[in-house]
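> My questions will all concern the structure given below.
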Amino acid sequence: MLTLAFLAVCLVSIVLVPLGVPGTFIMVAAALAADYFASAGIGWLAIGTSLILAVIAEVLEWTLSARFAEKYGGSKRAAWGALIGGFVGAFAGVPVPVIGSMIGAFAGAFLGALIGEYSQRESDATSATRVATGALIGKAAATAIKLAIAFTIATLLTFALIRG
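Sequential numbering from 63 applies to the sequence shown in my numbering.
The following block contains the structure:
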């Protein structure tokens, strides 16, 4: 029964990841709770590895839009705009049920990079739009990577639970 409940938590957490909710940390917390309260036998190695992966996923989610903005020819200001815009957009989108944070984070990264790049003296609308598109692609890539890491964490913890 514990395995099925844990698997359900993992599946819900995976669904939450693209919506901007830190589902990777929810899975780690669930594993920690199962191991502590139910003596599930997951083990500290699996939980620690999952925690490290969750931290990596979060860092990648928030930095790849900035990196891609720079890769597409953007300035440091555009990179910071993408990073800050993604944060602000995610929080601004919270009032919109279900997908607000995700849409807000994508729109925020795009607009932040656009404003950051366009505010440079030597930038024009075309190059600013190209840089903002790079930030948007980076945000999408980060979300896909975070989703893959979430699947990895769910698999690792579920196998550790079954084995333990």
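All residues carry an ideal CB built from backbone N, CA and C; glycine is no exception.
1. Below 8 Å, how does it come out for the region 68-84 and the region 214-226: are there three or more Cβ pairs, yes or no?
2. Would you decide whether Thr188 is buried or exposed? Buried here means 16 or more other CB atoms lie within 10 Å of its CB.
3. How many Å lie between Phe87 and Leu209 at the Cα?
4. Let me know the secondary structure DSSP gives Met63 once reduced to three states.
5. So does the region 80-97 actually touch the region 162-178, counting three or more Cβ pairs closer than 8 Å?
6. Three or more C-beta pairs under 8 Å: does that hold for the region 89-105 against the region 127-135?
7. What is the rounded straight-line gap between the Cα of Ala131 and the Cα of Ile118?
8. Just to confirm the assignment, what range does the alpha helix (DSSP H) spanning Tyr180 have?
9. Measuring CA to CA, which of Thr205, Val77, Ala140 and Gly85 is closest to Glu184?
10. Would you say Ala154 and Lys201 are within 8 Å of each other, going by their C-beta atoms?
11. Since Leu81 is in the alpha helix (DSSP H), which residue starts that stretch and which ends it?
12. Might you give, ordered along the chain, the residues of its own chain that have their beta carbon closer than 8 Å to the beta carbon of Arg225, omitting 5 neighbours on each side?
13. Beta carbon of Ile114, beta carbon of Leu94: below 8 Å?
14. Between Leu122 and Ile207, how many whole angstroms is the CB-CB distance? I'm expecting something under 8 Å.
15. Nearest-angstrom Cα distance between Leu198 and Met63?
16. Near Leu126, which residues of its chain fall below 8 Å by C-beta distance, leaving aside the five closest residues on each side in sequence?
17. Classify Arg129 as helix, strand or coil using the three-state DSSP reduction.
Inspection of the coordinates gives the following:
1. yes
2. Here residue 188 refers to the residue found at position 126 of the sequence shown. Exposed, by the Cβ-count rule.
3. Taking the first residue of the sequence shown as position 1, residue 87 is located at position 25. Taking the first residue of the sequence shown as position 1, residue 209 is located at position 147. For Phe87 and Leu209, the distance between alpha carbons rounds to 13 Å.
4. Sequence index remark: in the sequence shown, residue 63 carries index 1 (1-based). Note: Met63 maps to coil in three-state DSSP.
5. yes
6. no
7. Here residue 131 corresponds to residue number 69 of the sequence shown, with the count starting at 1. Here residue 118 corresponds to residue number 56 of the sequence shown, with the count starting at 1. If you take the alpha carbons of Ala131 and Ile118, they lie about 20 Å apart.
8. Stepping through the sequence shown from its first residue, residue 180 is reached at position 118. Residues Gly162 to Tyr180.
9. The residue given as residue 184 occupies position 122 in the sequence shown. Nearest of Thr205, Val77, Ala140 and Gly85 to Glu184, Cα basis: Ala140.
10. To locate residue 154, count along the sequence shown from 1; it is residue 92. To locate residue 201, count along the sequence shown from 1; it is residue 139. Cβ atoms of Ala154 and Lys201: not closer than 8 Å.
11. On the sequence shown, residue 81 is found 19 positions in, with the first residue counted as 1. It is not in any alpha helix (DSSP H) - Leu81 carries neither H nor E in the DSSP assignment.
12. Translated into the one-based positions of the sequence shown, residue 225 becomes position 163. For Arg225, where only same-chain residues beyond five positions count, the Cβ hits under 8 Å are Gly103.
13. Stepping through the sequence shown from its first residue, residue 114 is reached at position 52. Stepping through the sequence shown from its first residue, residue 94 is reached at position 32. Contact: no.
14. Looking up residue 122 in the sequence shown gives position 60. Looking up residue 207 in the sequence shown gives position 145. Yes, they are in contact, since the Cβ atoms of Leu122 and Ile207 sit about 6 Å apart, within 8 Å.
15. The count along the sequence shown starts at 1 and reaches residue 198 at position 136. The count along the sequence shown starts at 1 and reaches residue 63 at position 1. So the two alpha carbons sit approximately 42 Å from each other.
16. Walking along the sequence shown from the start, residue 126 turns up at place 64. Excluding sequence neighbours, Leu126 sits near Gly200, Lys201, Ala203, Ala204 and Ile207.
17. In the sequence shown, residue 129 corresponds to position 67, counting from 1. Arg129 falls in the helix class under three-state DSSP.
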